[in-house]
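Structure, as structure tokens:
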Amino acid sequence: MRLCNHTAAGRSVTAAVLAACMAAGMLLWTGCSSKMDAFGWYHDYTLARDEAQKKQKNMLVFVSAFSDDEGKSTALRNVLGTKAFKQGAASYVCVNLDFSSDQLTDKMNSKDSEKLMRKLMADQLVAAGLGVSETPSLFLTTKEGYMISELDCSTLSAPEDCIGALEQTKPAQETMARMTAAAEQASGLEKAQAINELFDATTPGARYPLGSLIKLYTQLDADNQTGQCGKFVLAAAEITAKEALAAQDFQAAFDAFPAAAQSPYLNAGQKQFAYYTAANMYIQLESYDFDAIISNFQAAYDADPDSPSGEYLKNMITMAKNMKLQMTTAVEQPESQEDSR
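Residues in the sequence shown are numbered from 15 upward in steps of one, following the numbering used here.
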């Protein structure tokens, strides 16, 4: 397992989620009713998911308006918010997670600001869990919220484009329905194997909604007969870190991967990956806890010194130690100058 290529992935697990959560201080829900609007769109994810499960329908999740993408989001909203689209998408439950900032001042000062903020934070976690990297984004999910497909928004300029794109996902919808049913209905080792199939079929950046199944895996396969428990321990650590970041509990996020590294299910390479991810998380979140960074890099190296990433990790340890020394020197110099006076 190479570590050098994990920087981008580490950022998606940490900094991207943090950025989404910290954005809650700058963005606010645009004030749409939480109930379904005239064109069939919900504006409350929980309500939409409940409706989808009640009616046994897949969900269409439209994520709109981050920063300078608001113009593109508005253009797509004008396509999706039509009677033609409503009619063509009647077999889906549609929900819009909108993070526009145009009503920030009024809403921040309203009596419902705390409630709205909690809702926004929950929606940010949903968006991060689907792997949103830009807006507008349009996702097709199961009624449980598991990713089926992301639609290419750049090709959707008319209602019929959207409806046609949804039709093309029918085979993927059928496959995901089969895998989801197997994962939900099976038991014991058979359930573990079904969860593994569903996990592997889901886009890596969109596995957060599988969290409850991921965390169940090692209980189903306690003897690691599938040989996959280590993978699921790491996946569960990622879920824990995301949840902690959403709650702005940074220490819990930092601790998630070192805790996972203690699991007997992890092999040497996986332990190395866990400690490396922890060190990388401190860096991505711009923490100055150099002792923790050095300790995790050292633990990563010690877990598998002969791995292809060994030399890279030694370099990272040296770099972190140098940065610590520079920081310490920069702090001590003003103090010594003050004492000389």
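The beta carbon of each residue, even a glycine, is placed where N, CA and C say it ideally should be.
Given the structure is predicted, the values throughout are model-derived calculations rather than measurements.
Using the Cα positions of Phe53 and Met193, report the straight-line distance between them to the nearest angstrom.
31 Å
For Ala275, which residues from the same chain have a beta carbon less than 6 Å from its beta carbon, with the 5 sequence-adjacent residues on both sides left out?
Lys285, Ala288, Tyr289
Can you look up Ser321 in the DSSP assignment and give me helix, strand or coil?
coil
Only counting the same chain, and skipping five residues up and downstream in sequence, which positions put a Cβ closer than 7 Å to that of Asp303?
Tyr296
In the DSSP assignment, what are the bridge partners of Phe76?
Asn110, Leu152
Would you grab the beta carbon distance between Leu94 and Val140 for me? Rounded to a whole angstrom, and I think it's under 8 Å.
Leu94 to Val140, Cβ: 18 Å. No contact.
Tell me the residue span of the beta strand (DSSP E) that contains Leu224.
Run containing Leu224: none; DSSP gives neither H nor E here.
To which residues of the same chain is Ala215 closer than 8 Å at the C-beta, ignoring the five residues directly before and after it?
Thr189, Met190, Met193
Would you mind listing the beta strand (DSSP E) stretches within the region 136-205 that are 3+ residues and don't spill past its ends, in chain order?
151-155, 161-165
Between the region 96-106 and the region 217-231, do at least 3 Cβ pairs fall closer than 8 Å?
no
Per the contact definition of three or more C-beta pairs closer than 8 Å, is the region 70-78 in contact with the region 143-163?
yes
CB Val247 to CB Ser151, shorter than 8 Å?
no
Just how far apart, CA to CA, sit Cys167 and Asp58?
22 Å
Determine whether the beta carbon atoms of Lys335 and Tyr315 lie at a separation below 8 Å.
no
Quick one: is Gln242 buried, meaning 16 or more other Cβ sit within 10 Å of its Cβ, or exposed?
buried
Reduced DSSP secondary structure (H/G/I, E/B, other) of Tyr296
helix
My guess is that Asp235 and Leu203 are in contact by the Cβ rule of under 8 Å, so how many angstroms apart are they, rounded?
6 Å
Taking only the alpha-carbon atoms, compute the straight-line gap between Lys205 and Val146 and give it to the nearest angstrom.
29 Å
Considering only their Cβ atoms, is the gap separating Pro173 from Ala79 smaller than 8 Å?
no
Is DSSP giving Tyr56 helix, strand or coil here?
strand
DSSP three-state assignment for Ala103, whether helix, strand or coil:
coil
Report the rounded CA-to-CA distance for Phe264 versus Ala258, giving the unit in angstroms.
6 Å
Applying the 10 Å Cβ sphere with the 16-neighbour rule, what's the burial state of Arg132?
exposed
C-beta atoms of Phe268 and Ala317 nearer than 8 Å:
no
Would you call Asp237 buried or exposed, if buried means 16 or more other Cβ atoms sit within 10 Å of its Cβ?
exposed
Does Pro272 pass the burial test, meaning 16 or more other C-beta atoms within 10 Å, or should it be called exposed?
buried
N- and C-terminal bounds of the alpha helix (DSSP H) containing Asp263:
Element bounds for Asp263: n/a, residue is neither H nor E.
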